[in-house]
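> Quick note on numbering: our numbering labels position 128 of the sequence shown as 111, and the sequence is numbered without any gaps. Even glycine gets a Cβ: it sits at the ideal position worked out from N, Cα and C. Owing to the predicted nature of the structure, the values given are computational and were not obtained by experimental measurement.
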Amino acid sequence: MNNILYLWDYSAGYVCSFCEHACSTTDLSLPFSRVEFLRFDHQEHVIVSVALVRPKAGIFIDAIQWVLAIATKASLLLLGVSKDTTTGDLKMYQTDMSMELDADMDNIVGTRDGRVFMTGVEDGNMYELYYQPQEGWFTKRIRLVNLTIGTLQHFLPKVFGFQQTGGSFAFVYNFG
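1) How would you call Asn90, buried or exposed, if buried means at least 16 neighbouring beta carbons within 10 angstroms?
2) Answer yes or no: do Leu(-12) and Phe23 have a C-beta to C-beta separation smaller than 8 Å?
3) Does the structure place the region 64 to 71 close enough to the region 104 to 112 that three or more beta carbon pairs sit under 8 Å?
4) Just list the beta strand (DSSP E) runs in the region 26 to 54, keeping only unbroken ones of 3 residues or longer that don't cross its boundaries, in chain order.
5) Between Leu130, Trp(-9), Met82 and Thr55, which lies nearest to Lys123 when the distance is taken from Cα to Cα?
6) From the DSSP output, in three-state form, read off Thr78 for me.
7) Among Asn(-14), Trp(-9), His25 and Ser32, which residue has its Cα nearest to the Cα of Val92?
8) Could you check where the beta strand (DSSP E) with Asn(-15) kicks off and where it finishes?
9) Starting from the N-terminal side, write out each stretch of the beta strand (DSSP E) that is 3 residues or longer and does not extend beyond the region 50 to 126.
10) Report the rounded CA-to-CA distance for Thr55 versus Val99, giving the unit in angstroms.
11) Quick one: Cα of Trp120 to Cα of Gly103, how far?
Take a look at the structure:
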């Protein structure tokens, strides 16, 4: 189950058929009568971090209201999410946006305008996820940019064998 993601709308509430009244519990082993889970299991690696973020304007189809940024042990992928306003049903969309990762990512945070940031677990660096509708001449459709170190510093450790000692930190974006 480490590589499976379940998504549901908890704000609508649910009725626990076990006790026949409105419940608020985190025990997912109870039988529910009014809760619909969406399941994403189309990848084989352990999920390390997930965030529900706003998409950038003009990147996805209009139906996509949110993006799930999913970091696994080996990759980062984006899934589109929408909620039908009349039925309340949730729907997931494949975006065909994914990339391989060299390190585990954590603390995924999004902004109102669709920017996505995260931290490297091992190196403690802060990264921004760039994504665009199509590949450019010199840019991929989805890529991570290290905001903590410069380009030269990024390549020096690989060429000369220097190792970076990283710390860890968490950050929060204020929507207010």
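Once the coordinates are examined:
1) buried
2) yes
3) no
4) 30 to 36
5) Met82
6) strand
7) Ser32
8) Segment: none, Asn(-15) is in no beta strand (DSSP E) and carries neither H nor E.
9) 58 to 66, 73 to 83, 88 to 93, 99 to 103 and 109 to 114
10) 16 Å
11) 27 Å
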